[in-house]
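Heads up: the structure comes next, in structure tokens.
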Amino acid sequence: MSKIGFIGLGLMGGAMVGRLQDKGHDLVVLGNRDRTYLDQALARGATEAANAREVAEACDIVMLCMGTSDQVEGRMHGDAGVIAGLKPGTVVLDFGTSLPASTKALGEEVAAAGGAYLDAPLGRTPSHAKDGLLNIMCAGDKAAFDKVKPVLDDLGENVFHLGALGSGHTIKLINNFFGMTVANAMAEAFAMADVQGVDRKGLYDVMSAGPLHSGMMDFVKGYGVDGDPNQLAFAIKNAAKDVGYYAKMADDAGVDSIMSKSTLKALETARDEGHGEDMVSQMVDFYAAKMKP
1 MSKIGFIGLG LMGGAMVGRL QDKGHDLVVL GNRDRTYLDQ ALARGATEAA
51 NAREVAEACD IVMLCMGTSD QVEGRMHGDA GVIAGLKPGT VVLDFGTSLP
101 ASTKALGEEV AAAGGAYLDA PLGRTPSHAK DGLLNIMCAG DKAAFDKVKP
151 VLDDLGENVF HLGALGSGHT IKLINNFFGM TVANAMAEAF AMADVQGVDR
201 KGLYDVMSAG PLHSGMMDFV KGYGVDGDPN QLAFAIKNAA KDVGYYAKMA
251 DDAGVDSIMS KSTLKALETA RDEGHGEDMV SQMVDFYAAK MKP
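The letter at position 241 of the sequence shown is residue 241 when you use the UniProt record's numbering, and the numbering goes up by one with no holes.
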């Protein structure tokens with residue numbers, strides 16, 4: 001087996017590392033401030049690196065699971081970064097939801113250093129990661145993808161190769177824009193039901209009986225009707241970031257995204273008003289508060 005470097009052991013990254021260890025992989029790990037999942041990995045035999053360069057120097061595959069493009073770039077660049085330590089033939093994967101333009105630029109830098117860069121954003125949740133059931137939207141050099149696919153198969157139930165570098169991040173941003181727009185529409189629908197004196201469950205029962213029914217509708221209903229915010233464990237601050245990236249991607253392409261504007265405004269307002277750590281389904285409360293007479 002190839003030695004794997006993993007950078008970013010948060011909730012998702014920690015679950016992925018645990019799964020890789022379950023499958024017998026040898027890991028070098030690098031965390032950030034919270035050592036919870038890092039220490040768990042070390043207790044199971046992983047090696048801790050001092051910086052990202054050391055990860056790259058020790059490994060054939062380097063995986064990053066970071067929150068933003070800036071964070072990915074920070075780990076990739078500089079004397080202590082991944083690129084500084086790359087060996088020829090190393091494959092680097094970005095599992096985060098990043099800006100396609102950043103991804104493509106990093107790909108050129110990694111290629112110049114003799115490696116290959118793949119974008120591989122994720123679908124599903126940390127609980128799926130624990131069991132190797134992620135959806136992995138990979139893109140980039142096909143030979144590099146084929147090289148790492150056996151490892152990706154250990155992590156994902158559905159592993160896609162989607163074409164040229166950046167395609168995975170592009171599709172993930174479109175996917176999340178759509179999902180967050182549907183979630184916000186359903187959240188406002190429940191709030192409007194309150195304004196009009198209509199029972200939320202009655203509204204849901206009618207809407208879900210027809211072609212509007214979707215998993216995202218059910219997630220929002222999980223909180224709006226049933227009071228459980230965690231059926232979709234995705235924070236408002238992260239949703240705002242992803243829809244913001246979608247809008248930036250549109251701007252970079254020289255086009256005007258009409259639909260994302262309202263979704264982004266609502267998510268950013270909720271975040272800025274102190275609700276960033278709340279789950280997206282709790283946008284129901286945001287709309288209900290705004291619609292109070």
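Think of the CB as a built atom: it goes at the ideal place given N, C-alpha and C, for glycine as much as any other residue.
Here the structure is a predicted model, which means the values were calculated and not measured.
Secondary structure of residue i, DSSP reduced to three states
{"i": "G5", "result": "strand"}
{"i": "T47", "result": "strand"}
{"i": "D218", "result": "helix"}
{"i": "residue 313", "result": "Within the shown structure, residues of the chain are numbered from 1 to 293, placing residue 313 beyond reach of any answer."}
{"i": "M291", "result": "coil"}
{"i": "A58", "result": "helix"}
{"i": "D119", "result": "strand"}
{"i": "L267", "result": "helix"}
{"i": "A235", "result": "strand"}
Burial state of residue i, where buried means 16 or more other Cβ atoms lie within 10 Å
{"i": "R33", "result": "exposed"}
{"i": "S262", "result": "exposed"}
{"i": "S167", "result": "buried"}
{"i": "K196", "result": "Reading off the sequence, residue 196 comes out as Gln, not Lys. Q196 is exposed by the Cβ-count criterion."}
{"i": "K112", "result": "The question names Lys, yet the displayed sequence has Ala at residue 112. It counts as exposed."}
{"i": "A240", "result": "buried"}
{"i": "M12", "result": "buried"}
{"i": "R44", "result": "exposed"}
{"i": "K172", "result": "buried"}
{"i": "R35", "result": "exposed"}
{"i": "G274", "result": "exposed"}
{"i": "D251", "result": "exposed"}
{"i": "G210", "result": "exposed"}
{"i": "A116", "result": "buried"}
Nearest-angstrom Cβ-Cβ length linking residue i and residue j, presumed shorter than 8 Å
{"i": "M217", "j": "M207", "result": "7 Å"}
{"i": "V110", "j": "L86", "result": "7 Å"}
{"i": "L122", "j": "I136", "result": "6 Å"}
{"i": "L30", "j": "V17", "result": "In fact, because the Cβ distance is near 11 Å, the residues do not count as touching under 8 Å."}
{"i": "M283", "j": "P229", "result": "Their Cβ separation, rounded to whole angstroms, is 10 Å, which puts M283 and P229 out of contact at 8 Å."}
{"i": "G96", "j": "R53", "result": "Not quite, the Cβ-Cβ distance comes to about 20 Å (not below 8 Å), so this is no contact."}
Nearest-angstrom Cα separation, counted from residue j out to residue i
{"i": "L212", "j": "Y287", "result": "20 Å"}
{"i": "L27", "j": "M186", "result": "42 Å"}
{"i": "L232", "j": "V255", "result": "30 Å"}
{"i": "P88", "j": "V148", "result": "15 Å"}
{"i": "R127", "j": "L20", "result": "Residue 127 is actually Ser in this sequence, not Arg. Each residue's alpha carbon lies about 14 Å from the other."}
{"i": "Y223", "j": "F6", "result": "34 Å"}
{"i": "A139", "j": "T170", "result": "10 Å"}
{"i": "L152", "j": "V159", "result": "7 Å"}
{"i": "A41", "j": "G14", "result": "8 Å"}
{"i": "L162", "j": "N175", "result": "14 Å"}
{"i": "A105", "j": "V72", "result": "12 Å"}
{"i": "G156", "j": "I258", "result": "34 Å"}
{"i": "Y246", "j": "V55", "result": "31 Å"}
{"i": "K290", "j": "E188", "result": "10 Å"}
{"i": "S98", "j": "D22", "result": "28 Å"}
{"i": "K265", "j": "K221", "result": "22 Å"}
{"i": "K201", "j": "A144", "result": "49 Å"}
> Which residue spans inside the segment 126-172 form an unbroken beta strand (DSSP E) run of at least 3?
Replying inline: 134-138 and 156-161
> Can you list, in chain order, the stretches of the alpha helix (DSSP H) that have 4 or more residues and sit fully within the segment 60-106?
Replying inline: 69-76 and 82-85
>> Give the list of continuous alpha helix (DSSP H) stretches no shorter than 4 residues that lie fully inside the segment 10-35.
In response: 11-22
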